[in-house]
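Undergrad:
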Amino acid sequence: MSKIYWDKGHGGDDPGAVANGLQEKNLTHKIVEYAMVYLEANYTGFEQRVTRTGDQTLTLSQRADMANAWGADVFVSVHINAGKGTGFESYVHPNASPQSIALQNVLHGEILSAMRGFEAIIDRGKKRANYAVLRETRMPAVLTENLFIDSNDAKLLKNEAFLKAVGEAHARGIAKFLGLPQKANSAPSQPQQKVSDGKLYRVQVGAFADRKNAERLAEELKKKGYDAIIV
Ligand SMILES: [Zn+2]
Numbered sequence: 001m002s003k004i005y006w007d008k009g010h011g012g013d014d015p016g017a018v019a020n021g022l023q024e025k026n027l028t029h030k031i032v033e034y035a036m037v038y039l040e041a042n043y044t045g046f047e048q049r050v051t052r053t054g055d056q057t058l059t060l061s062q063r064a065d066m067a068n069a070w071g072a073d074v075f076v077s078v079h080i081n082a083g084k085g086t087g088f089e090s091y092v093h094p095n096a097s098p099q100s101i102a103l104q105n106v107l108h109g110e111i112l113s114a115m116r117g118f119e120a121i122i123d124r125g126k127k128r129a130n131y132a133v134l135r136e137t138r139m140p141a142v143l144t145e146n147l148f149i150d151s152n153d154a155k156l157l158k159n160e161a162f163l164k165a166v167g168e169a170h171a172r173g174i175a176k177f178l179g180l181p182q183k184a185n186s187a188p189s190q191p192q193q194k195v196s197d198g199k200l201y202r203v204q205v206g207a208f209a210d211r212k213n214a215e216r217l218a219e220e221l222k223k224k225g226y227d228a229i230i231v
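Its first residue numbered 1, the sequence shown is counted upward by one per residue in the working numbering.
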């Protein structure tokens, strides 16, 4: 059972960055809630907790301590940037473990590609910083900065569908990193098959540790006239 610890950046007395009629804490709370609902709906084999179930005030160290005390397997802290820039960036600690870097890689890719479903978003890069929640947590830990609240980016941050997509991308990234099994009736990845009469059914025919074997089976299916994708 994998343990996932979510950190909603800011809350209570600390709204985080404020601009364009938006408060960072409201956005980060929504993104994390969308992520948690999506994990619950589509995956098994995990438990998840969150630093704030409501709008409590918590110090950075309290949040890291809670994740450490629970023995979390991953820690993800969700933020919105400020400083009149544009785009997406993610952080690990300067002394990050290889697992933290692997988590950053998968999260960064998932989130950026979900954002780019809405608009051409600038990739500000996979960065490192000595942030307390990254320094004090003892498990793979990543902090995401999801666009800028005080620039043109705000128009996407006012779009509920965008916040939902960003939350779901965080969830998919963690699920991939942990290798969480998908629930039988879920379709969490982007549909790639042709859709007829509005319904979409996925059929899995094989799961292989070796990509060559997957490619061999995909070739065989293609020869027989079936569309095949390797995930
Ligand atoms: Zn923040």
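Glycine is no exception: its CB is placed at the ideal position from the N, C-alpha and C atoms.
Buried or exposed for residue 9, please, with buried defined as at least 16 other CB atoms from any protein chain shown within 10 angstroms of its CB.
TA: Locating residue 9 in the sequence shown gives position 9, where the first residue counts as 1. Answer is buried; the Cβ neighbour count reaches 16.
Undergrad: Alpha carbon to alpha carbon, what distance is there between residue 217 and residue 229?
TA: Indexing the sequence shown from 1 puts residue 229 at position 229. Indexing the sequence shown from 1 puts residue 217 at position 217. Using only the alpha carbons, I get a separation of about 10 Å.
Undergrad: Exposed or buried, which one is residue 191 when buried takes at least 16 other CB atoms within 10 Å?
TA: In the sequence shown, counting from the first residue as 1, residue 191 sits at position 191. Per-residue confidence for residue 191 stands at a pLDDT of 44, beneath the threshold of 50, marking its modelled position as unreliable; the derived number appears in the next sentence. If you draw a 10 Å sphere on the C-beta of residue 191, you find fewer than 16 other C-beta atoms in it, and that means exposed.
Undergrad: Within a Cβ cutoff of 6 Å, which residues of the same chain sit near residue 25, ignoring the five residues on either side of it in sequence?
TA: On the sequence shown, residue 25 is found 25 positions in, with the first residue counted as 1. Here the set comprises 10, 11, 15 and 16.
Undergrad: First and last residue of the alpha helix (DSSP H) that includes residue 28?
TA: As a first step, residue 28 is located in the sequence shown; it is residue number 28 there, counting from the start. Bounds of the alpha helix (DSSP H) holding residue 28 are 24-42.
Undergrad: Which residues count as close to ligand 1 when the rule is a CB under 5 Å from any of its heavy atoms, in chain order?
TA: If you measure from each CB to the nearest heavy atom of ligand 1, the residues under 5 Å come out as 9, 16 and 79.
Undergrad: Less than 7 Å between C-beta atoms, sequence neighbours within five positions excluded: which residues of the same chain meet that for residue 213?
TA: To locate residue 213, count along the sequence shown from 1; it is residue 213. Excluding residues within five positions, none has a Cβ falling inside 7 Å.
Undergrad: Roughly how many whole angstroms lie between the Cα atoms of residue 85 and residue 182?
TA: As a working mapping, residue 85 is identified with position 85 in the sequence shown. As a working mapping, residue 182 is identified with position 182 in the sequence shown. Put simply, the backbone Cα of residue 85 is about 37 Å away from that of residue 182.
Undergrad: Examine ligand 2 and report whether any of its heavy atoms sits within less than 8 Å of the Cβ of residue 149.
TA: This structure lacks ligand 2; the ligands present are ligand 1.
Undergrad: Using C-beta distances below 7 Å, list every residue in its chain close to residue 34, excluding the 5 sequence neighbours before and after it, in chain order.
TA: Counting from one through the sequence shown, the residue named residue 34 turns up at place 34. 163, 164, 167 and 168, listed in sequence order.
Undergrad: Would you kindly work out how many angstroms separate the C-alpha atoms of residue 59 and residue 157, rounded to a whole number?
TA: Indexing the sequence shown from 1 puts residue 59 at position 59. Indexing the sequence shown from 1 puts residue 157 at position 157. The straight-line gap from Cα to Cα measures roughly 25 Å.
Undergrad: What span of residues does the alpha helix (DSSP H) with residue 90 cover, start to end?
TA: Sequence index remark: in the sequence shown, residue 90 carries index 90 (1-based). Note, residue 90: premise wrong, no alpha helix (DSSP H); beta strand (DSSP E) at 88-92.
Undergrad: Of all the options 87, 91, 82 and 54, which has the alpha carbon lying nearest to the alpha carbon of residue 116?
TA: As a working note, residue 116 is residue 116 in the sequence shown. Minimum Cα distance to residue 116 is reached at 87.
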